[in-house]
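Under this note's numbering, the first residue of the sequence shown is numbered 469, with each subsequent residue one higher. Shown next, in structure tokens, is the structure this report addresses.
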Amino acid sequence: NKKWRRFNLIIASILMLIWLTRSFKINIPEEIKETDLEIVFWNASRDNNLQSALNKNGDIPDLLVLVEIGKHNIEKFQQNYPNYYFYESDTEVFIFSKTPLEINRNKTSNYKTTIINFKTAGINFYAVDVTGSPDVPREWELRYVNETIKITHNTIVLGDFNVPYESKYLKQFKENFNHAFNEKGNGFRETWFYNLPILSLDHIWVSKDLEVLKTNKLYSKVSDHCMLRTYVRK
């Protein structure tokens with residue numbers, strides 16, 4: 469029995485070490501210039517809105533994308549931020565930008581996965597919110613995402629993918645993009661659940677012709693998802 473317990477402890481320690489080396493990142497951030505872009509993504513868990521997201525971030529980023537946004541009054545936001553640009557989908561995706569927004573396409577699958585393709589600040593973006601329903605196979609919805617996202621240069625894809633970084637369904641992204649947290653994040657990559665490093669469901673993917681300078685994960689008590697903030701240079 470002692471040998472068996474010792475064996476189990478060794479195996480558990482090895483698995484823990486493997487997980488730590490894959491999940492825990494140490495990177496040296498680059499110096500941020502005024503011309504660099506600050507990009508923020510957050511799953512607001514339906515309890516938060518634009519103002520709470522800006523408060524959480526600490527300043528006004530160049531681009532903020534929220535999914536599962538809570539109750540809000542967009543007219544009031546527009547009054548409070550008259551020099552900024554807004555887009556709101558009917559699927560609880562909210563986009564806030566310092567520069568004009570060009571919405572190219574807003575697609576939603578039969579199972580409520582939403583992808584919004586837009587341009588701002590001279591970069592092509594895809595905002596993604598994959599359905600979290602346990603009744604819908606992730607394979608279906610990630611296939612939908614992979615088939616929809618065609619542009620892989622001068623492009624940033626950000627959202628709640630509802631699958632961890634290790635998922636085989638993210639192979640296409642790993643081939644064509646850099647993972648912002650892997651590149652310039654520090655600490656555990658996981659963004660869910662309530663500040664515990666359980667799963668990395670939220671991702672920012674940056675095309676390889678753009679440079680990731682720094683990535684932060686902001687812990688939150690008001691959402692079960694952490695906020696992601698990255699700085700990118702064109």
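Just so it is clear, CB atoms sit at the ideal spot from N, CA and C, and this is done for glycine as well.
Just the C-alpha distance for residue 561 and residue 581, rounded to the nearest angstrom, thanks. So the alpha carbons of these two residues sit roughly 11 Å apart.
On a Cα-Cα basis, can you pick out the residue from 664, 683 and 542 that is closest to residue 649? Nearest in C-alpha terms to residue 649, of all of 664, 683 and 542, is 683.
By alpha-carbon positions, which one of 528, 479, 654 and 597 ends up nearest to residue 534? Of the listed residues, the one whose Cα sits closest to residue 534 is 597.
Where residue 491 falls: helix, strand or coil (DSSP): The DSSP-derived three-state label of residue 491 is helix.
Same chain only: Cβ atoms within 7 Å of residue 604, ignoring 5 sequence neighbours per side: Scanning its chain for C-beta atoms nearer than 7 Å, with the 5 sequence neighbours on each side dropped, one finds around residue 604 the residues 579, in chain order.
Beta-carbon gap between residue 657 and residue 493 smaller than 8 Å: Cβ atoms of residue 657 and residue 493: closer than 8 Å.
Which residues does DSSP list as the beta-bridge partners of residue 696? Residue 696 pairs with 509 and 685.
How about the stretch 611-627 and the stretch 636-656: do they share at least three Cβ pairs that are nearer than 8 Å? As far as the Cβ criterion goes, the stretch 611-627 touches the stretch 636-656, which means the pair count is three or higher.
What separation, rounded to the nearest whole angstrom, lies between the Cα atoms of residue 543 and residue 555? Cα to Cα, the separation comes out at about 12 Å.
Since residue 647 sits in a beta bridge, which residues does DSSP pair it with? Its beta-bridge partners are 673.
Should residue 681 and residue 498 be called a contact, given that it needs their Cβ atoms to be closer than 8 Å? Yes.
Note down the Cα distance separating residue 495 from residue 508, rounded to an integer number of angstroms. The alpha-carbon atoms of residue 495 and residue 508 are separated by roughly 19 Å.
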